[in-house]
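Read the structure below first, then the notes.
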Amino acid sequence: MKLFNKKSWSLLLFLAVSAPTIMAKSPDEGMFPLSELSRAGLKNAGLKISEKDIYNPGKVGLVDALVQVSGCTGSFISSSGLIITNHHCAFSAVQLASTPIDNYLRNGFVAQSHEQEIEARGLTIRITDSYEDVSDKILAAVAHITDPSERITLIKKKQQELVEEAQKQDPTIKAEVSEMFIGKTYVLFRYKTIEDVRLVYIPRQTIGEFGGETDNWVWPRHTGDYSFLRAYVGKDGASAKFSKDNIPYQPKKFLKVNPKGVNENDFVFILGYPGKTFRHRPAQYIQYQQNFLLPYVSNLYEFQNERMYEAGKTDRATALALATRIKRNANVLKNYKGKLKGLRNIDLINTKKKDDQALAAFILSKPDLKSKYGSLMSEIDGLYTLINQDAYKELWMNNIYTSTSLMRIAREINSFKLTLQQQNSSEQQKAFFEANKENVKTALLEIYESYSNYADERILAHMFADAQAFQGNNQIETIQKLKLRDANLANAYGSQLIRNTKLNGCTQVLNQILSSPNAFLAFSDPLLDFQNSLNQDIQQFAVEQKRRDGILNKLMGDYVAVKEMYQSKNFIPDANSTLRLTFGNVKGYSPVDATYMNPFTTIAGIIQKGNLGETDFDYPSEIKTAWENKNFGPYVKKELNDVPVNLLYNMDTTGGNSGSPIMNAYGELIGVNFDRSYDATINDFAWNDSYSRSIGVDIRYVLWVADKIDHAQFILKEMGI
Ligand code: ASP
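Residue 59 in the numbering used here sits at position 56 of the sequence shown, and the numbers go up by one each step.
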């Protein structure tokens, strides 16, 4: 699987510059879908159990212990539905359960009995039940379609039909059709879902977030990024909403935890739900990322986080309300900066360009390919020229609602207003209002829960100034019509909109508008007017976006097909949040000249970092006492004379793999994946053994903290330790 062994950056740079085709022919990394497991070569790599123990259609395998927890992965580790995942995956639910007085984010949480477990609001679980290739059915539906927008409409329609059919056949599952290769391969997945999830054991912040943003995406690392949850179902075993009467779920399979951990070079593998990678894309896509998306979004998020920090500085309730948004932004922002650095370092655009040129020459060298794909490469170029022309407008539109809470509030209100207006009579209007009022209230309350007026005002003002400066195709009509001459005026206008809106106060809004359909319809506000007008621009642009998606869909299907012919092999599809396996070894690396990074960190490193006196590195004093007394229990790694805290390995992971179980050659859990090194942030575009390293929390540290620091012995007992 991995072509390159230990290579330094300089060698990598040499390869990138002088021999791009070697780079291109590097292995197809390793996010293997279940259908491709036999191609992975697991036995040769060191797997000591049968591949069938991992996945055996119709029978029980390790995959049945895997769950998708919102955007992350987790795994069952007891027969009573106990799940281990990352601290950062449970973070939003812990935030929602916390108050400035009962602050579980800061202090952690240990439920000593099932009754004490707390509802994990917002978290749901999915378990992959089965899958089926439906590419033929989807592609047959668009075989003779030339109109790009119609292509997208029909693909979506066919997907929906297949989903409904599958759910009708088995009402206990939720189906989803995932695009494996754009415009080429489609698989229908059937999932079991669990809606009642609870918090069981969350380490305190100084353990779960030790190192903070300073250490995020960094090795050496010392973060206790783990949390324990539990899945509950109704008494009949079926999925049910949170209720005190629900009972712990009994999974088909749970992972055995091996407290002995692993050693350097040991074979390891991960099952999980990696989110999104973009490796099978042409040079122009990387160019778009490097020139537009990555810098735009990282700058915007940086600005947003500065304002949100300020908002929470003197107000603990606001700080708590904004904690999840800040953390998510910071995570993406640092990842994007890492990507920008990495893309420049390996000069991926040039490598890809050369690969694409070679592909174009291959097409032209074969008459049959030339007649079918002769214009493929220039059509790709044409499409990206178009996309780049209004890239800023698109990015602005894609970010306006996620950036400002009140714009989201305005969108909710306006869209409910519109459906109310569309009712035929006042009776119908009333009935519709009564039937949907609670849902609207819940949606609005949820947004208000993480709202800060201070931040919203400044962020909207900033985005107004951005949009005012856009030229040519990037101009946004609603903003242009305001004729704001310069950035200052635009800034002031955005700021005033937030100052003058009545949407500011949650209770007031809810009382006023939710009292009757007439009150709702009569409610007017300048921010509602602005959102209405902007929404028209966005809808109009969406038509063009759909047309482009249709073109891209066809082009990318052809691009991958012809590339497979050129390289005479089948590729592994990019990550798309479906269940995958990756494997490799516990392994250090050499990220810069004259360094070698060991693959284990220890408690000694926590103490060293703590000595720096920075708050990101505060840690509980009990850790130091236990460490000084060498109170390591059975969790010590003898050669280190310490407890291993985090470990490093060359597996192929991305976002979504957070919380994935790291397993040894026997399929036993020895750690939990949670991050990658800074250099590995470009994995999403190009994986390479020389710089791609992922980071996990060693199970020995999890068990040590649970045992010696948090006195959560019941967890150990439940895991059979
Ligand atoms: N910590 C990462 C994330 O939050 C996991 C990864 O991308 O490797 O997405």
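Glycine included, C-beta positions come from ideal geometry on N, C-alpha and C.
Along the segment 484-546, the alpha helix (DSSP H) occurs as fully enclosed runs of 4 or more residues at 490-503, 509-516, 520-525, listed in sequence order.
Between K612 and L517, the beta carbon gap of about 50 Å keeps them out of contact (Cβ cut-off 8 Å). By the criterion of at least three beta-carbon pairs nearer than 8 Å, the segment 182-194 is in contact with the segment 122-141.
Membership of V700 in any alpha helix (DSSP H) is not indicated; the residue belongs instead to the beta strand (DSSP E) covering 697-701. For G508, the shortest C-beta to heavy atom distance toward the ligand ASP is 7 Å or greater. Shown here, F184 sits in a strand according to DSSP, grouped into three states. Taking 8 Å as the upper bound for CB-CB distance, Y229 and H90 are in contact here, some 6 Å apart.
In this structure, F677 has its beta carbon less than 7 Å from a heavy atom of the ligand ASP.
Shortest gap from the CB of S661 to any heavy atom of the ligand ASP: under 7 Å.
In the three-state reduction of the DSSP assignment, R319 falls in the helix class, which pools H, G and I. Across the structure, I130 and V72 are spaced so that their CA atoms are roughly 9 Å apart. Only residues of its own chain outside the window of five on either side were considered, and among them G315 have a CB closer than 7 Å to the CB of A322, listed in chain order. Collapsing the DSSP output to three states places G264 in coil. Around the beta carbon of Y339, 16 or more other beta carbons sit within 10 angstroms, so the residue counts as buried.
The shortest CA-to-CA distance from K357 to any of M380, G723, R461, P370 is the one to M380. Ranked by Cα distance from L421, the first of E216, N219, N538 is N538.
Taking the Cβ atoms as the reference, V166 lies roughly 6 Å from V180, within the contact range of under 8 Å. Each residue's CA atom was taken as its position, placing A243 and G497 some 44 Å apart.
With the rule of 3 Cβ pairs closer than 8 Å, the segment 152-168 counts as touching the segment 550-558. Listed in chain order, the beta strand (DSSP E) elements of length 3 or more contained wholly in the segment 621-672 are 647-652, 664-666. By the Cβ neighbour-count rule, L615 is exposed, with fewer than 16 other Cβ atoms within 10 Å of its own. If only complete runs of 4 or more residues are kept, the segment 402-460 shows the alpha helix (DSSP H) at 408-424, 429-452, in order along the chain. Cβ neighbours of G215 within its own chain (closer than 7 Å, five residues either side excluded): D619.
In this structure, K256 lies away from A525, with their beta-carbon atoms at least 8 Å apart.
Nearest to N456 by C-alpha distance, out of L531, Y376, L325, is L325.
Distances taken from the Cβ of S697 to the heavy atoms of the ligand ASP include one shorter than 7 Å. With respect to Y288, F295 sits apart: the two C-beta atoms are not nearer than 8 Å. In the DSSP annotation of this structure, G613 is not part of any beta strand (DSSP E); the continuous alpha helix (DSSP H) holding it starts and ends at 606-613. Going by DSSP, R109 is part of the alpha helix (DSSP H) stretching over 107-110. Boundaries around T388 are those of the alpha helix (DSSP H), 379-392, since no beta strand (DSSP E) includes it. Of the candidates L367, E460, E631, the residue whose Cα lies closest to the Cα of N507 is E460.
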